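Notes to accompany the following structure.
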DNA sequence: CTTGACCCTGAAATCGATTTCATTTAGGCT
DNA sequence: AGCCTAAATGAAATCGATTTCAGGGTCAAG
């Protein structure tokens, strides 16, 4: 309720001086004390809206993710939060539900709220960032890379390779792949890793695509794809699933068909959520979700502090 | 980049008129068209910071939760989001990590960013909401009730009763309880339900507290408490766990001791996350997490629209 | 003693919208 | 035609901070 003018009046100084006290600009000790006492007495908190309007930038960074119910993204969010808080930024989390329209709406909010910057795991490959970049708002793409902006990702192809190789080593031969939507770089990369390994292995050369399914990165999609694969005349004896939630769905399908791993082999790109509950027969490619968030926040904050190196593309490793 | 003045100049009208066009105040059709055309041409988006400063309130509501990695809260968040979006509000999500200090910081942000209202699942029973209520910002407590403000909760005592009764019916007798921190109303309520049932049953009257553990609502806490219970001279033959994450931990402890349910009985207050992965022997009290969020958002928005009924306390049922 | 450099300080402009208030214009009624 | 009411419009004030600019004071060097 109290404004800078109230404080100024009570302390017997000008509003400008009050502002300076709170912004670390030299003010005589005596006045400074008076101002602080007055502020204390009125329990004054500076109005961030006014400050943001004047400075044309707030101390809030937006983290936009496609699925808040996916533990991978919440872990990532934790990483972002830790680093941001430590540097004095608040993080607001926006959930797009993989919906390009919702995403666009949140991007508008970011612009018109003058937020300092954005960390974005994009729902759409075609996001329009021109509004943001034109206004000099730094953007860091995380998990899913985007053209022209800094990115922090994992090595999708290597992960797909590692997972598939593990299944081969376990003796499986007809290894299927359930990946994400067609055209998504993460989905395609992981499937590429799978394809690479199978091409160089004795396995089914002929028609790999027979064993490839594109789903939606969600539990139900993974379930449906697995059921579909099991209904093939010659069903796979193992499956590489390209994200954690689809792996949960696929696993459920296997259990329903009494094919609980390791009866059918399974590898998941990304930890199964609450893994303590899941069968031991599943190979998991562990992803550094939290680190991803930390690295992205780190990078964003460096940009906010004026760093103008050329575009960075950080790629973190995974651990089988 | 474009401001209302730019649009006004291009359309040949005053800024006031531009504002009116965007706020649904009558403006002649001809001018209105010119303004819209100009706005389109300049790709004008009104600056929310300025608008918020002038109106002393934004269209953003804050949702403050204690643990973003708990699927219960993310489901709740989805409910809030759906309702809020439908009414034109954006939701920003703040994670306090059960830390009262972080919570206080976010509450400050809410005030000084002039956010419209708050939905709060409080980390501390002693939150100070005076700043908020003094400024007329509506607050709705969700999941964890608070004095003096609207609340939306589940019936904790009934849930505890239902869960315990189910275990009794399954033939278990030495039923332990792992609940949340001492003094937390949710934790105490659930334990009360458990106690009630055991008092009226043939079961161990003597020293109920021997089988009661207080943990921290997290996976590791549940695990430790379960291990502790299993080390008793006369370990329990079943356990009621008062939240989903502790249930995951307790379950892991049981599995590690080769006591996978139903060898030892187990009931969980709240769905086990990604339940498809978990043993069938666990009784689950299903919680309407999403509904909780929807109801809270509904209530908050009614308050924002000027509803001034006396304090509401909505209690949703659960389903065994 | 004068001059210049530097530090504090306050008055006033500024950020970009909304809103009050006064004025103009148009339309309806007698 | 004349008068009154209502609608449309623009000028200017406002929200609460930051920041520019200019003035006043202190101190050291010449």
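Protein chains in written order, with the numbering used here: chain A, 237 to 556; chain B, 237 to 556. Quick reminder that beta carbons are idealized off the backbone N, C-alpha and C, glycines included. Here the structure is a predicted model, which is why all the values come from computation and not from measurement.
Neighbouring residues, chain A, relative to residue i (Cβ below 7 Å)
i: residue 288 of chain B; result: 285
Neighbouring residues, chain B, relative to residue i (Cβ below 7 Å)
i: residue 317 of chain A; result: 331
i: residue 385 of chain A; result: Those within 7 Å of residue 385 of chain A in chain B number zero; the least Cβ separation is about 19 Å.
Environment of residue i [buried if 16+ CB atoms lie within 10 Å]
i: residue 387 of chain B; result: buried
i: residue 435 of chain A; result: exposed
i: residue 549 of chain B; result: exposed
i: residue 261 of chain A; result: exposed
i: residue 383 of chain B; result: exposed
i: residue 497 of chain B; result: buried
i: residue 499 of chain B; result: exposed
i: residue 541 of chain A; result: exposed
i: residue 544 of chain A; result: exposed
i: residue 398 of chain A; result: buried
i: residue 403 of chain A; result: buried
i: residue 534 of chain A; result: buried
i: residue 310 of chain B; result: buried
i: residue 252 of chain A; result: exposed
i: residue 266 of chain B; result: exposed
i: residue 374 of chain A; result: buried
i: residue 339 of chain A; result: buried
i: residue 366 of chain B; result: exposed
i: residue 290 of chain A; result: exposed
i: residue 237 of chain B; result: exposed
i: residue 481 of chain B; result: buried
i: residue 516 of chain B; result: exposed
i: residue 356 of chain B; result: buried
i: residue 259 of chain B; result: exposed
i: residue 468 of chain B; result: exposed
i: residue 303 of chain A; result: buried
i: residue 418 of chain B; result: exposed
i: residue 551 of chain B; result: exposed
i: residue 412 of chain A; result: buried
i: residue 370 of chain A; result: exposed
i: residue 470 of chain A; result: exposed
Endpoints, alpha helix (DSSP H) assigned at residue i
i: residue 459 of chain A; result: 455 to 466
i: residue 390 of chain B; result: Run containing residue 390 of chain B: none in the alpha helix (DSSP H); it sits in the beta strand (DSSP E), 386 to 390.
i: residue 444 of chain B; result: Careful: residue 444 of chain B lies outside any alpha helix (DSSP H) and carries neither H nor E.
i: residue 431 of chain A; result: 421 to 435
Residue i: contacting residues in chain A (beta-carbon distance under 8 Å)
i: residue 470 of chain B; result: By Cβ distance, chain A contributes nothing, its closest Cβ being about 27 Å from residue 470 of chain B, past 8 Å.
i: residue 255 of chain B; result: Result: empty, since nearest Cβ-Cβ is about 15 Å, beyond 8 Å.
i: residue 328 of chain B; result: 328, 329, 330
Contact list for residue i against chain B, beta-carbon separation under 9 Å
i: residue 496 of chain A; result: Within chain B, no residue comes near residue 496 of chain A; the closest Cβ sits about 11 Å away, beyond 9 Å.
i: residue 282 of chain A; result: 348
Residue i CB to nearest heavy atom of the ligand ZN below 7 Å
i: residue 253 of chain A; result: Ligands displayed in this structure: none; no statement on the ligand ZN is therefore possible.
Chain-ordered neighbours of residue i on chain A, where CB pairs are closer than 9 Å
i: residue 559 of chain B; result: Because chain B here runs from 237 to 556, residue 559 of chain B falls outside it and cannot be looked at.
Interface partners of residue i on chain B, CB under 8 Å
i: residue 182 of chain A; result: As shown, chain A starts at 237 and ends at 556. That puts residue 182 of chain A outside it, with no answer to give.
Enclosing beta strand (DSSP E) for residue i [first to last residue]
i: residue 414 of chain B; result: 411 to 415
i: residue 474 of chain A; result: 474 to 477
i: residue 550 of chain A; result: 549 to 552
i: residue 449 of chain B; result: 448 to 450
Starting from the N-terminal side, write out each stretch of the beta strand (DSSP E) that is 3 residues or longer and does not extend beyond the stretch 482 to 541 of chain B.
-> 501 to 505, 518 to 521
Complete runs of the alpha helix (DSSP H) confined to the stretch 301 to 382 of chain A [at least 4 residues] | 307 to 322, 336 to 348, 366 to 370
Taking Cβ-Cβ distances below 9 Å as the criterion, which residues of the stretch 335 to 360 of chain A are in contact with chain B?
-> 338, 341, 342, 344, 345, 347, 348, 349, 350
Counting only runs that start and end within the stretch 241 to 311 of chain B, where is the alpha helix (DSSP H) found for 4 or more residues in a row?
-> 251 to 258, 265 to 277, 284 to 291
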